[in-house]
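The listed protein sequences derive, respectively, from chains A and B. Take any residue in the first sequence, note its place counting from 1, add 89, and you have its number in our numbering. Take any residue in the second sequence, note its place counting from 1, add 28, and you have its number in our numbering. Backbone N, C-alpha and C fix where the C-beta goes; we use that ideal spot for every residue, glycine too. None of the values given here were measured: they were computed from a predicted structure.
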Amino acid sequence: KQEVTQIPAALSVPEGENLVLNCSFTDSAIYNLQWFRQDPGKGLTSLLLIQSSQREQTSGRLNASLDKSSGRSTLYIAASQPGDSATYLCAVRDSGNTPLVFGKGTRLSVIA
Amino acid sequence: ETGVTQSPTHLIKTRGQQVTLRCSSQSGHNTVSWYQQALGQGPQFIFQYYREEENGRGNFPPRFSGLQFPNYSSELNVNALELDDSALYLCATGGGLAGYQETQYFGPGTRLLVL
């Protein structure tokens with residue numbers, strides 16, 4: 090059974106810092122991995138999707154990497170801003186028509 | 029803005045009651061999944077519908093049931109509500125052949141409180 094773990098559970102950084110959020114999964118035979126952002130009490134916004142054949146994806150200040158063999162992904166946020174404050178969720182899909190399996194998320198606070 | 033809408037946004041019920049939550053997807057998204065997110069937890073998969081048929085279910089009891097309509101909108105029904113059913117309920121839609129999906133698009137969720 091696939092399990093997803095995110096470390097740390099919470100992170101507080103000053104504005105402008107570069108930071109890394111970690112995600113690990115137990116079964117490396119995944120179809121894809123997705124990073125989401127969730128603002129308090131709100132739904133999920135997809136940030137980046139990495140297919141199993143890819144090593145990384147970039148969007149603006151965000152970069153996500155995938156190492157399937159070690160069961161790890163990282164989300165790198167450059168030059169953090171207070172507007173980046175949210176919970177970041179990592180989710181994996183084991184095949185194309187199976188559901189997403191989520192971690193518990195990392196709650197990020199960027200202090201101005 | 030994902031184009032996925034859910035109603036109602038908030039709901040308060042008492043234990044033992046029944047509730048229906050609704051989700052409308054983007055045009056062409058033939059798969060809908062429902063997730064339950066308790067406070068401080070990641071979303072947990074409830075079930076998935078593809079072309080009006082349930083084609084996957086998580087570890088939830090039968091009192092959680094669903095429907096998908098020809099226009100691909102969907103309902104989640106929960107009978108005999110329990111206090112632990114209090115959570116944010118998210119629907120997610122996607123499209124593709126035989127239910128295969130790439131990115132899933134999530135709605136804003138319905139916050140259910142059971143007293």
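Sub-8 Å separation of Ile200 (chain A) and Pro103 (chain A) beta-carbons: yes
Near-chain B residues of the stretch 129-141 of chain A - C-beta to any C-beta below 7 Å: Answer set for the stretch 129-141 of chain A: Gly130, Lys131, Gly132, Leu133, Ser135 and Leu138.
Rounded to the nearest angstrom, what separates Gly68 (chain B) and Val93 (chain A) at their Cα positions? 15 Å
Tell me the residue span of the beta strand (DSSP E) that contains Tyr63 (chain B). Thr59 to Gln65
When you compare the CB of Gln123 (chain A) with every CB in chain B, is at least one pair closer than 8 Å? Using a Cβ-Cβ cut-off of 8 Å, Gln123 (chain A) counts as an interface residue toward chain B, since at least one Cβ of chain B sits closer than that to its own.
Give a single yes or no on whether Pro90 (chain B) has its beta carbon closer than 7 Å to a heavy atom of the ligand MN. The ligand MN is absent from the structure shown, which contains no ligands of any kind.
Can you tell me whether DSSP reads Leu149 (chain B) as helix, strand or coil? In this structure chain B extends from 29 to 143, so residue 149 (chain B) is not present and cannot be described.
Let me know the secondary structure DSSP gives Asp173 (chain A) once reduced to three states. In the displayed model, Asp173 (chain A) falls within a helix according to three-state DSSP.
The beta strand (DSSP E) enclosing Asp156 (chain A), as first and last residue numbers: Leu151 to Asp156
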